[in-house]
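A.B. asks: FYI, in our numbering the residues of the sequence shown are 1497 to 1770.
Cβ atoms here follow ideal geometry from the backbone N, Cα and C, with glycine treated the same way.
Sharing a structure, written as structure tokens. Questions coming.
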Amino acid sequence: MQLVLDERCRLESHLVDALKNSEFSLHFQPLIATDSRRLIGAEALLRWFNPVLGHVRPDQFISLAERNGQIVDIGHFVLRTAIEQISSWYRLYNYPMRMAVNISPVQFRDTGLVRYVADLLTEFELPPNMLELEITEGVLMQDEYQATRVINALKRIGVGVSLDDFGTGYASLSYLQKYAFDTLKIDRGFIAHLDNSEQDRELARAIIAMARKLNLNVIAEGIETQEQNDFILEEGCDCGQGYLYGRPVPALEFAAAHLEGVSSVMNNAQMAIA
Ligand code: C2E
Ligand code: CA
Ligand code: CA
């Protein structure tokens, strides 16, 4: 117990200055259409490198930042950086794709969130439908009234909202009807055992079928093998994310791996037309 507390204090003492010292950056992981393998978007994932601690995983520091309130400022950094990045890719490659950004429940309670997002979209001249915010069930459970208000306000400005990690926690089906989600992300916990668990296969199948009935986009997380890709494709899941298609990488690497190709294909096509 004492060791855990000591470690937490040590992390926290470095976390306080991390933003000021520019120790955060974003990695981007592709979201891929399962049938054509076309790029449809990217998820922004936060990275922290501290000179003393080295790389610290988000699982280790996000909850700390939520507890001490820093997550609001860190979340602003993530939103600004992600929106600036997708806007610059859009100008450079003219390739329509969406940027998914994780929003912590604490950020979601911040009344300035929608205004902040709207201002960034204006500042970077980004079409709102190119941005999608990912929230987890925790948000919905804390305060249904507030959650509905914020989700509806985001929809009004044209930003997409997805329900992340579906299938963990309470996974209440009523949430899917009650809130205006655009996308449902199936937690990678189900996908990991598709090969050897009939129960997980049935659950994944049922979630995909239900999401489609509700007209939601479905993204399966944690696709690592061709077999998993084939299974979700067969079941009608539009989109996948996982090491099979690409790991989270810095912006330059993402562009080289996933965008240079599409742009040269588009340029060739444009040249052919000319
Ligand atoms: P998440 O939102 O579910 O993000 C997906 C996580 O799965 C990422 O871990 C990603 O690296 C990992 N992943 C992707 N494909 C695969 C795969 O094929 N196999 C396996 N085993 N893992 C895969 P990461 O980057 O360590 O992030 C962990 C969590 O931290 C995220 O889970 C998210 O909840 C949180 N997080 C990350 N960035 C942010 C952020 O900017 N804000 C907030 N509030 N939370 C964040
Ligand atoms: Ca996510
Ligand atoms: Ca997830």
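1) Just checking my contact of I1719 with A1700 at CB under 8 Å: how many whole Å lie between their CB atoms?
2) So if DSSP puts M1595 in a beta bridge, which residue, or which two residues, is it bridged to?
3) Rounded C-beta distance between S1658 and T1632? I'm assuming under 8 Å.
4) Could you tell me whether any non-hydrogen atom of ligand 3 is closer than 7 Å to the CB of K1516?
5) Considering only C-alpha positions, which residue in the set N1564, R1543 and F1686 is nearest to P1554?
6) When DSSP labels each residue in this structure, what does I1528 get in the three-state scheme?
7) Run through the region 1690-1739 for me and flag every whole beta strand (DSSP E) of 3 or more residues, listed as ranges in chain order.
8) Going along the chain, which residues of its own chain have a beta-carbon closer than 6 Å to the beta-carbon of S1521, five neighbours each way excluded?
9) I want to check one thing, is the minimum distance from the CB of E1562 to the heavy atoms of ligand 3 below 7 Å?
10) Note the first and the last residue of the continuous alpha helix (DSSP H) segment covering L1672.
11) Please report the distance separating the alpha-carbon of T1721 from that of S1668.
12) Mind listing, in chain order, the residues whose beta carbon lies closer than 5 Å to a non-hydrogen atom of ligand 2?
13) How many Å lie between A1770 and S1584 at the Cα?
14) Considering K1651, what are the terminal residues of the alpha helix (DSSP H) in which it resides?
15) Are at least three pairs of beta-carbons, each pair with one atom in the region 1733-1742 and one in the region 1704-1718, less than 8 Å apart?
16) Does the count of Cβ pairs from the region 1533-1548 and the region 1592-1604 closer than 8 Å reach three?
17) Assuming H1754 contacts P1592 under a Cβ cut-off of 8 Å, what Cβ separation, rounded to an integer in Å, is found between them?
18) How far does the beta strand (DSSP E) with L1680 in it reach, from first residue to last?
19) When every heavy atom of ligand 3 is checked, does at least one fall within less than 7 Å of the C-beta of D1569?
20) Should G1738 be listed as close to ligand 1, given that the test is whether its C-beta is under 7 Å from any heavy atom?
21) Under 7 Å from any heavy atom of ligand 1, does the C-beta of G1718 make it?
22) For L1535, which residues of its own chain have a beta-carbon under 7 Å away from its beta-carbon, when the five flanking residues on both sides are left out?
23) Looking only at its chain, what residues have a beta carbon closer than 8 Å to the beta carbon of R1504, apart from the 5 residues adjacent to it on each side?
C.D. replies: Let me spell this out:
1) Wrong, their Cβ atoms sit about 11 Å apart, outside the cutoff.
2) Paired residues: A1538 and L1627.
3) Cβ-Cβ separation between S1658 and T1632: approximately 10 Å, too far for a contact (criterion under 8 Å).
4) Not under cutoff, so the answer is no.
5) That would be R1543, whose Cα lies nearest to the Cα of P1554.
6) Secondary structure of I1528 (DSSP, three-state): strand.
7) Segments of the beta strand (DSSP E) lying fully in the region 1690-1739: 1713-1716.
8) If we look at S1521 and ignore the five residues flanking it on each side, its Cβ neighbours are R1543.
9) Every heavy atom of ligand 3 is 7 Å or more from the Cβ of E1562, so no.
10) Segment L1669 to K1674, the alpha helix (DSSP H) holding L1672.
11) Rounded to the nearest angstrom, the two C-alpha atoms are 29 Å apart.
12) This criterion selects N1598, E1630 and D1660.
13) Reliability fails at A1770, whose pLDDT of 46 lies under 50, so the model's placement of it is uncertain and no value is given.
14) Where K1651 is concerned, the enclosing alpha helix (DSSP H) stretches over E1640 to R1652.
15) Under the three-pair Cβ rule at 8 Å, the region 1733-1742 counts as touching the region 1704-1718.
16) Yes, the region 1533-1548 is in contact with the region 1592-1604.
17) Contact between H1754 and P1592 fails: their C-beta atoms lie close to 14 Å from each other, not under 8 Å.
18) Here the beta strand (DSSP E) through L1680 covers T1679 to I1682.
19) Checking every heavy atom of ligand 3 against the Cβ of D1569, none is found closer than 7 Å.
20) Yes - ligand 1 has a heavy atom lying nearer than 7 Å to the Cβ of G1738.
21) Flag set: Cβ of G1718 near ligand 1.
22) Taking C-beta separations shorter than 7 Å and ignoring five residues to either side along the sequence, the partners of L1535 in its chain run P1526, I1528, M1593, H1754 and V1758, following chain order.
23) Cβ neighbours of R1504 beyond the five flanking positions: L1560.
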